[in-house]
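Participant: Read in order, the letters of the sequence shown correspond to residues 1 to 354 in full-length UniProt numbering. Structure incoming, see below.
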Amino acid sequence: MTKNNPQFFPIASPTTMSKTPQTNCQTDNTSLQVPLAIFYALFFLFGLSGNLLALWVFLRVHPKKNSVRIFLINLALADLLLVICLPFRVVYHSNNDRWVLPPLLCTMVGIIFYMNMYISIVLLGFISVDRYLKFQRSSCRRVFLHSRWSVLFCGVIWAVAFVCGICFTVLNREHGESQQCFQYKNLYKSKWKAYFNFAIVGMFWLVYGALVISYGRIGMNLLTASKEKPDFPNAAKYNKTAWKSFFVLFLFTICFVPYHSVRIFYIMSQITKDTSCEWISVLDKTNEVVLLLSAFNSCLDPVMYFLFCSSIRKVMLKIICNSFCQQNARGLNSSSDTPQELPNISAVVIIIQK
């Protein structure tokens with residue numbers, strides 16, 4: 001390779017290539033096995049409980065339909081399907097990165113995991129655009145305000161993701177008898193997979209741009225309004241809403257930007273011939289760590305529901321209040337033989353709601 005045509009990735013020297021060509025590289029993530037298993041187990045517990053609570057509130061407690069609520073229902077469902085895949089990763093990493101289940105199940109778990117991760121990303125993008133159009137009072141807001149269009153958008157997202165998942169399952173021919181599952185794969189002979197992954201990464205950056213523009217403008221406009229008119233009755237509310245918008249953008253950035261930044265280098269290494277094994281090892285370890293951040297988003301989305309959805313806050317406060325009051329009631333009954341007046345739970349709930 002001449003100096004006028006530099007390589008983007010570290011290339012193995014002829015001597016190294018003869019000893020460790022890319023096809024024979026063995027990645028060793030032993031140091032990450034225990035931390036990955038622990039974190040994925042925690043994400044499963046918190047993500048499962050948080051998203052089940054969110055779905056229960058959206059569907060049973062406060063079933064009123066609007067565009068944002070429909071997006072949030074689908075977002076909670078996608079996060080729920082994602083966290084269901086996490087126990088498989090816990091078992092895999094706990095078993096020294098050995099897959100002991102049927103190979104086809106490995107493919108299906110991987111597809112469901114990534115499919116729902118990107119469904120969540122797209123839905124978060126729709127939510128940001130929805131909020132921005134309503135904030136700007138755009139003429140397009142009627143489309144997003146009507147729940148019928150939101151249902152249609154969500155239906156298209158799920159349909160496209162389902163078709164892509166089926167195609168990947170059918171076209172994948174790498175089941176074999178391998179005991180590895182979520183490992184680095186050479187795609188030099190299956191470049192179509194790499195190109196598809198590049199398209200997905202490109203889609204992410206488009207969605208991220210939409211979030212930056214939407215939440216950035218909402219936050220800056222509200223922050224400016226609260227500073228220019230500090231005596232305005234809603235100035236404090238504007239300031240609070242502005243920082244909530246920045247916080248959501250911050251969470252999205254922390255969870256997904258590192259992964260998709262590394263992903264560019266990762267995919268390129270998969271289709272670049274004679275990439276050094278050292279570079280592959282670095283990319284593989286880094287990919288595992290940043291993927292952990294992306295999975296963490298399934299636990300953070302319920303936090304977003306709590307911030308932006310008053311019905312979620314009210315239900316959670318009711319649950320906490322009822323649990324606290326029942327514990328106090330048991331303590332009073334066990335410590336005294338005489339009847340005592342118990343706290344008025346409904347009154348406490350009303351005070352909290354206010």
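All residues carry an ideal CB built from backbone N, CA and C; glycine is no exception. If you're wondering where the values come from, they're calculated on a predicted model, not measured in any experiment.
(1) What first and last residue would you give for the alpha helix (DSSP H) that runs through residue 60?
(2) Under a three-way DSSP split, which group does residue 272 fall into?
(3) At the 8 Å Cβ level, is residue 148 part of the contact set with chain D, yes or no?
(4) So is the beta-carbon of residue 198 under 7 Å away from any non-hydrogen atom of the ligand COA?
(5) Which term fits residue 101, buried or exposed, when burial requires 16 or more other beta carbons within 10 angstroms of its beta carbon?
(6) Does DSSP put residue 241 in a helix, a strand or coil?
(7) Just the Cα atoms here: how many angstroms apart are residue 130 and residue 57?
(8) Quick one, which of 119, 33, 80 and 68 has its alpha-carbon nearest residue 49's?
(9) Could you compute how far the alpha carbon of residue 235 sits from the alpha carbon of residue 218?
(10) Return helix, strand or coil for residue 250, following the three-state DSSP convention.
(11) When DSSP labels each residue in this structure, what does residue 361 get in the three-state scheme?
(12) Under a Cβ-count criterion, where at least 16 other Cβ atoms within 10 Å of its own Cβ denotes burial, should residue 310 be classed as buried or exposed?
(13) Can you grab the Cα-Cα spacing for the pair residue 306 / residue 106, in whole Å?
(14) Tell me whether residue 33 sits in a helix, a strand or coil according to DSSP, three-state version.
(15) Check whether the Cβ atoms of residue 226 and residue 210 lie closer than 8 Å to each other.
Facilitator: Quick answer:
(1) That residue, residue 60, is in no alpha helix (DSSP H); it is neither H nor E in DSSP.
(2) In the three-state scheme derived from DSSP, where H, G and I count as helix and E and B as strand, residue 272 is classed as coil.
(3) In the structure shown, chain D does not exist; there is a single protein chain.
(4) As for the ligand COA, it is missing from this structure, which has no ligand bound.
(5) Exposed: under 16 other Cβ atoms inside 10 Å.
(6) Residue state, collapsed to three classes: helix.
(7) When rounded, the distance between both Cα atoms is 21 Å.
(8) Taking only the C-alpha atoms, the option nearest residue 49 is 80.
(9) Near 14 Å, if we compare the C-alpha coordinates of residue 218 and residue 235.
(10) Helix.
(11) The first residue shown for the chain is 1 and the last is 354, placing residue 361 beyond what the model contains.
(12) Looking at its Cβ environment, which holds fewer than 16 other Cβ atoms inside 10 Å, residue 310 is exposed.
(13) Looking at the backbone, the Cα of residue 306 and that of residue 106 are separated by about 34 Å.
(14) Of the three classes helix, strand and coil, the one that applies to residue 33 here is helix, per DSSP.
(15) The answer is no: Cβ separation not under 8 Å.
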